[in-house]
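Numbering (the UniProt record's numbering), first residue to last: 1 to 241. Comments concern the structure below.
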Amino acid sequence: MKTLAIDTSNQPLTVAVVDGDRVLATTTITTQRKHAAYAMEIVERLVKLAKLTPANLERVVIANGPGSYTGLRVAVTIGKVLATTLGIELVTVSSLQTLVLNVTAEQHLVVPLFDARNEILFTAVYRTSPTGPKLVVPEQHVALADWLQQLQQFTEPLTLVGSDVPKFLTQFQEQLNVPVRTVAGINNLPQASQLAMFGERQTPVSAVDQVVPNYLRMTQAEAEWQRKHPGEGSTGYVEQV
């Protein structure tokens with residue numbers, strides 16, 4: 001299956017074209033955050049480098065969050081537009097789960113994380129398996145101190161993955177009573193080739209037009225509305241996404 005995969009959820013921008021377990025073309029950029037300016041150009045270039053045309057694609061796989069508000073919308077928009085215009089399948093995969101795909105050892109507990117600023121994380125716990133990472137603790141937008149408290153339940157080693165791990169590694173090592181492992185170098189970056197091959201085994205969405213980013217927190221507009229309307233919940237929002 002000829003599959004295009006895109007992850008723009010955080011600072012790395014990664015795109016790949018695969019055919020089954022063969023990587024035809026891939027690139028990952030970590031030096032730019034203006035994904036809207038570069039992503040589609042990279043997609044077009046990689047499809048050509050893979051000696052394909054858009055009409056050859058059979059599936060598009062996107063990392064749909066959590067992560068940057070703006071970044072998430074880039075991949076989701078490109079994925080929906082391509083799926084609709086080309087009449088191909090669309091698969092969404094968690095951005096955190098995408099990181100866990102880089103840990104190939106089986107039956108490991110893996111903690112992917114992104115820095116959400118102000119000592120807050122996007123994170124979860126997954127267990128690796130031959131069929132892909134399985135969720136153990138739900139994905140959440142959580143204060144670091146609260147997250148470390150949640151992790152106290154585990155009695156086996158934890159593997160941290162993500163380019164933001166160095167910012168928090170000392171706290172994990174000092175406050176947890178189990179060995180805390182890390183992964184090396186490039187394995188801390190999302191890899192669209194891994195995302196594509198995993199996405200080839202997943203069930204496509206049934207309604208492309210209903211796909212939205214998984215922000216895992218209130219949007220900026222929602223937060224501003226609640227600030228101006230304390231105690232009114234979410235009933236007054238013009239639109240929920």
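Glycine included, every Cβ here is placed at the ideal spot set by N, Cα and C. Bear in mind that the values here come from a model prediction, so they are computed numbers and not experimental data.
- In the DSSP secondary-structure assignment, lysine 80 is not bridged to any residue.
- When secondary structure is reduced to three states using DSSP, lysine 2 falls in the strand class.
- Within the stretch 100–170, the complete alpha helix (DSSP H) segments of 4 residues or longer fall at 144–150, listed in chain order.
- Around the beta carbon of alanine 5, 16 or more other beta carbons sit within 10 angstroms, so the residue counts as buried.
- Taking each of Ser95, Phe154, Leu151 in turn and checking the Cα distance to threonine 14, the smallest one comes out for Ser95.
- In terms of Cβ geometry, valine 142 and threonine 159 do not form a close pair [threshold 8 Å].
- For leucine 90, there is no enclosing alpha helix (DSSP H); the enclosing beta strand (DSSP E) covers residues 89–93.
- Around the CB of glycine 79, 16 or more other CB atoms lie within 10 Å, so the residue is classed as buried.
- Ranking Leu195, Glu156, Val61 by CA distance to the CA of arginine 181 puts Glu156 first.
- Alanine 75 places its beta carbon 8 Å or farther from that of alanine 50.
- Two segments are said to touch when three or more pairs of C-beta atoms, one from each, lie closer than 8 Å; by this definition the stretch 195–213 does not touch the stretch 27–47.
- Taking a cut-off of 8 Å on C-beta distances, the stretch 84–103 does not touch the stretch 34–51, as fewer than three cross pairs fall below it.
- Taking C-beta separations shorter than 7 Å and ignoring five residues to either side along the sequence, glycine 185 has no partners in its chain.
- For valine 111 against valine 93, the beta-carbon gap comes to about 18 Å, at or over 8 Å, which does not count as contact.
- Isoleucine 62 has its alpha-carbon roughly 11 Å from the corresponding atom of valine 205.
- In the DSSP assignment, valine 15 falls within the unbroken beta strand (DSSP E) covering 13–19.
- By the CB criterion at 8 Å, leucine 176 and leucine 148 fall inside the cutoff.
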